[in-house]
Each structure stands twice: as structure tokens, then as C-alpha cells.
Amino acid sequence: MEVTRRGRQEQVERTRQRILQTAERLFAEHGVFSISNRQISEAADQGNNAAVNYHFGTKSDLVRAIVRRHAEGMDVIRAGLLERYAGSTTLRDWVTCVVLPFTGHLESLGLPSWYARFAAQVMTEPKLRELAVTELGESALPRAVTEGVHRCLPGLPPAVRDERDEMAHTLIVHFCAQRERTADPRWPATADGLIDAIEGLYRAPVSASAD
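Taking the UniProt record's numbering, the leading residue of the sequence shown gets 1, the next gets one more, and so forth.
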């Protein structure tokens, strides 16, 4: 009986992972609101067209599950970087902690990957963006990275600093989405370019109108 129960649990988990992978790809290619749960079930080769609803619930729940699945991998990288750069007062170190969890995780996914394009789709929809931010906000690690960046920018007005945080995040996601479409994203080189650009972004002068 225990073996049978374990077998059913493993089958359920395989089904869930197949649905998540299929949904991520379809959302990345077509947008979250252009794809129905029924289409995802069919593309995932599920005989039951209500499989998505059964395993995840609403589309918002499915998006949360995709975000959560990748957040775990990024947090592993982020934790290692935080340990390495703990106590650093060098802006580039903390910008590295901003960029590498995303690019390093994408590299770990192999080819092709879809998560950067999925994240870009989510970023352009205010409700989905809020949902993702809430989901990611459960981890203290991204907040620790942001605090490290801010400690290196004592002279930057808070409003400008927060705006540049937003610019940096947008640049990372959309540039990686663009690279993800290529046959060879060259993630280490992509990370280096982003770190250079974002360090420059934070160090850029502040116009009087922006202060």
C-alpha cells in the first residue's frame, strides 16, 4: 500500500512539473493572458482539460508556482554571494549580488530556457508584477542585497536610489529575455555586461529635476 501511495505521489509531482514547464514556455511565447488553462493542459498532454485547475487552481496560482520554482534556485546563488561579500563596502560587489542570481540561474537551466521571457511578460502586467513581487518578498535574501547596494550609495537621494533599483531590475529582466532568444546567450558575458552597466547606472549624476 505504501509503495502504491508513493508511486501516485511521484506521478502527481511529474504531472505538476510538466504543467509548470509547459505553462512557462507558453506564457513566455504568447503572454500570460493570451493562454488559457485548457490550452496549457492540452499542450502538456493531459487527457483532463481541467488538469491545471486541479493541480494549481487559478492562473494566478499557476504564475505564483512558476515564480516560486525559480526563486528557490536564485536564492541558493544569492545566499552564496551574500556570504562571499558580507561586510563589503564596494558597490560592484553588491551589483554582482543583484545580477548573478538571475543570470546564473538561467545558465543552470540549460538550452532552451524560457524563464527570462516569462519574467519579462509578468513585468509588463501590473497585477502580475505585484503578484510576483509579493511572492518574492517572502525571502529575506533579495532585501539583504538591496540594503547592501544602498549602503554603498549614501549620497544618493532615496527617491532616485529607489528609481534606479527599478531601472536595474527592468534592465536585467528584459536584456536577459532578449539574450534568451538567441542560440547562445553567453550568460557569463551577459552578466559582466549587466554588472558594468548597472554599476554605471547607480553612479550616474543626478539632475536637479530628479532630486
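Virtual Cβ for every residue (Gly too), placed ideally from N, Cα, C.
How big is the Cα-Cα spacing for residue i and residue j?
i      : j      : result
Val122 : Gly73  : 19 Å
Arg84  : Arg186 : 24 Å
Gln17  : His169 : 27 Å
Tyr54  : Arg69  : 18 Å
Gly148 : Ala43  : 43 Å
Leu91  : Val98  : 11 Å
Pro158 : Thr182 : 37 Å
Phe56  : Leu62  : 6 Å
Gly155 : Thr89  : 14 Å
Val145 : Glu166 : 14 Å
Asp75  : Gln46  : 31 Å
Thr134 : Ile35  : 23 Å
Arg8   : Arg117 : 33 Å
Arg143 : Val12  : 34 Å
Arg203 : Asp184 : 31 Å
Ser60  : Leu128 : 8 Å
Ala208 : Asp93  : 28 Å
Thr103 : Ala177 : 10 Å
Asp192 : Glu10  : 40 Å
Leu171 : Thr190 : 12 Å
Asp196 : Pro188 : 13 Å
Take residue i and list the residues in its own chain whose beta-carbon comes closer than 7 Å to its own, dropping the five residues that flank it on each side.
i      : result
Ile40  : Ile19, Thr22, Ala23, Leu26, Val52
His150 : Arg161
Tyr115 : Glu24, His70, Leu106, Leu109
Ala65  : Leu20, Phe56
Asn37  : Val52, Asn53, Lys59
So what does DSSP say about residue i, is it helix, strand or coil?
i      : result
Ser139 : coil
Asp165 : helix
Ser60  : helix
Gly193 : helix
Val206 : coil
Ser88  : coil
Asp184 : coil
Asp75  : helix
Asp45  : coil
Ala28  : helix
Val176 : Note that residue 176 corresponds to Cys in the displayed sequence, not to Val. Helix, per DSSP.
Ser36  : coil
Cys97  : helix
Pro158 : helix
Leu20  : helix
Leu153 : coil
Leu51  : The amino acid at residue 51 is misidentified as Leu; the sequence shows Ala. Ala51: helix per DSSP, three-state reduction.
Can you find the residues in the same chain that come closer than 6 Å, C-beta to C-beta, to residue i, ignoring five residues on each side of it along the sequence?
i      : result
Thr15  : none
Ile198 : Val95, Ala168
So residue i and residue j are in contact, right, with Cβ under 8 Å, and what is the actual spacing, rounded?
i      : j      : result
Glu180 : Leu106 : 7 Å
Pro101 : Arg78  : 4 Å
Ala120 : Val173 : 5 Å
Val32  : Glu130 : About 13 Å separates the two Cβ atoms, so there is no contact after all.
Val67  : Ala140 : That pair is no contact at about 17 Å.
Phe175 : Leu194 : 6 Å
Asn164 : Leu136 : For the record, residue 164 in the displayed sequence is Arg; it is not Asn. Contact flag wrong, Cβ pair sits at about 19 Å.
Checklist line | Inside the stretch 101-137 only - beta strand (DSSP E) runs reaching at least 3 residues | finding: none
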